[in-house]
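Structure record follows, encoded as structure tokens.
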Ligand SMILES: [Zn+2]
């Protein structure tokens, strides 16, 4: 009943107002956004949001990684239900990636007030710091440090392009909001993140809502091929040891391996190349390139790993840079999200996330899951990022129903 009442109190106009207001902090080019993590624009956006939260009678906490927790009290002081995402953007980002999830949370808090609903458990809207990883590496910094605070010591030493450390930026943030009480990780009943899909699946299916079953895992590698730099014009074919040819000759076999293992689900990218000396009239003596391979099935990731060496020349050097296991979201939270989608009266479908999200780390801490709405043309990280207002509204309605249902669980 409370879930239904809150769903009906969601205001599409007010949601648009939150999104438009947030977009005034750090506008970028062509109607897009440039609001880097812990920048002045980010701090101003946070000040606005904290102000809005206090107007609603909410309590706001901060933690060591500048994550913000906006709590609407429940009838009892039980572990809360959390929702949220991030408000930092790519340098040429749009207005919805991350921002939509946080503004959706703000709108749900208003809908709860309008519907005069007080849930059993508290509901919290969270702003996770530096999800994009664009100013400071790595991405999902706030959510990963929340789940495992020991990560923060190392994160604090990381620098942006101007040499400012994460530690200095975090200290400046804390000084800007000295009135906010500090709070570390707490027991959490459930976490739900609402996000734009950033891919074409929902749009192509003409379905407004996606219940996200999980996030595919990833393996990153670097391959180094060593040849010999020599004169382009005078070195005869039998004597040429061209590192670029060695490297490019591996791409076909690696691609075929990924095809065999993943078929239509293949996500294989050779994104970064370094060619030395990178001169027009010198044979390349050394080439390094990266491999990004993603899949939802850990067995496929393992098989790719096992088969990779056989695709490379014997003297190539293979380095494993990064690995993250696939995330499988919590079945009971997914059940509630499916009911929340049903309550909107609109169609939904299960979907898998191709991109990382803060919920990936939260899933290590508490039962978690995500909701998606369509992205026009599958575009994100671009000023053209767009979702129909009616679809944005549908997502918030499903979120509102789900958060209340979770917050009424004893
Ligand atoms: Zn995002």
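Numbering (the working numbering), first residue to last: 80 to 489.
In this text, a Cβ means the ideal position worked out from N, Cα and C, and glycines have one as well.
Source: prediction; values computed, not measured.
Beta-carbon proximity list for residue i, same chain, < 7 Å, skipping 5 on both sides
i	result
residue 150	137, 138, 159, 201 and 203
residue 91	468 and 472
residue 482	160, 162, 187, 202 and 271
residue 284	428
residue 459	173, 176, 275 and 277
residue 404	296 and 377
residue 231	143, 144 and 224
residue 440	219, 222, 223 and 226
residue 252	117, 122 and 145
residue 382	340
residue 354	323, 363 and 366
residue 248	117
Heavy atom of ligand 1 within 7 Å of residue i beta-carbon
i	result
residue 155	no
residue 454	no
residue 176	yes
residue 403	no
residue 237	no
residue 165	yes
residue 436	yes
residue 268	no
residue 460	no
residue 210	yes
residue 274	yes
Supposed close pair residue i, residue j - CB separation, criterion 8 Å
i	j	result
residue 368	residue 351	6 Å
residue 490	residue 457	Because residue 490 is not part of the residues shown, which for the chain are 80 to 489, the question remains open.
residue 199	residue 489	7 Å
residue 228	residue 250	Between residue 250 and residue 228 the Cβ distance is about 17 Å, and since that is not below 8 Å, they are no contact.
residue 141	residue 147	6 Å
residue 219	residue 210	5 Å
residue 197	residue 153	7 Å
residue 432	residue 364	So it is not a contact: roughly 40 Å between Cβ atoms.
residue 422	residue 86	6 Å
residue 335	residue 347	At roughly 10 Å, the Cβ-Cβ gap does not stay under 8 Å, so residue 335 and residue 347 are not in contact.
residue 311	residue 360	4 Å
residue 306	residue 325	6 Å
residue 157	residue 124	With a Cβ gap of about 30 Å, residue 157 and residue 124 do not count as contacting.
Residues of its chain near residue i, where Cβ-Cβ distance is below 6 Å and the 5 sequence neighbours each way are ignored
i	result
residue 183	273, 475 and 478
residue 333	390
residue 398	301
residue 426	286
residue 313	none
residue 455	465
Test item: CB-CB of residue i and residue j under 8 Å
i	j	result
residue 237	residue 216	yes
residue 321	residue 362	yes
residue 435	residue 293	no
residue 444	residue 208	no
residue 448	residue 82	no
residue 281	residue 450	no
residue 166	residue 206	yes
residue 414	residue 374	no
residue 298	residue 406	no
residue 269	residue 412	yes
residue 323	residue 366	yes
residue 194	residue 84	yes
8 Å Cβ shell around residue i - same chain, five flanking residues per side excluded
i	result
residue 179	98, 164, 273, 274, 275, 452, 466, 471 and 474
residue 170	107, 113, 115 and 213
residue 329	302, 304, 390, 391, 392 and 395
residue 89	186, 187, 190, 472, 475, 476 and 479
residue 430	276, 280, 281, 289, 290, 291, 292 and 451
residue 244	235, 236, 237 and 238
Cβ of residue i within 8 Å of any chain C Cβ
i	result
residue 306	Looking for chain C here will not work: only one protein chain is present.
Can you find at least 3 beta carbon pairs, one from the segment 383-403 and one from the segment 412-422, that sit closer than 8 Å? no
Validate contact between the segment 117-129 and the segment 252-262 using beta carbons, cut 8 Å, 3 pairs: The answer is yes - the segment 252-262 touches the segment 117-129, with three or more Cβ pairs under 8 Å.
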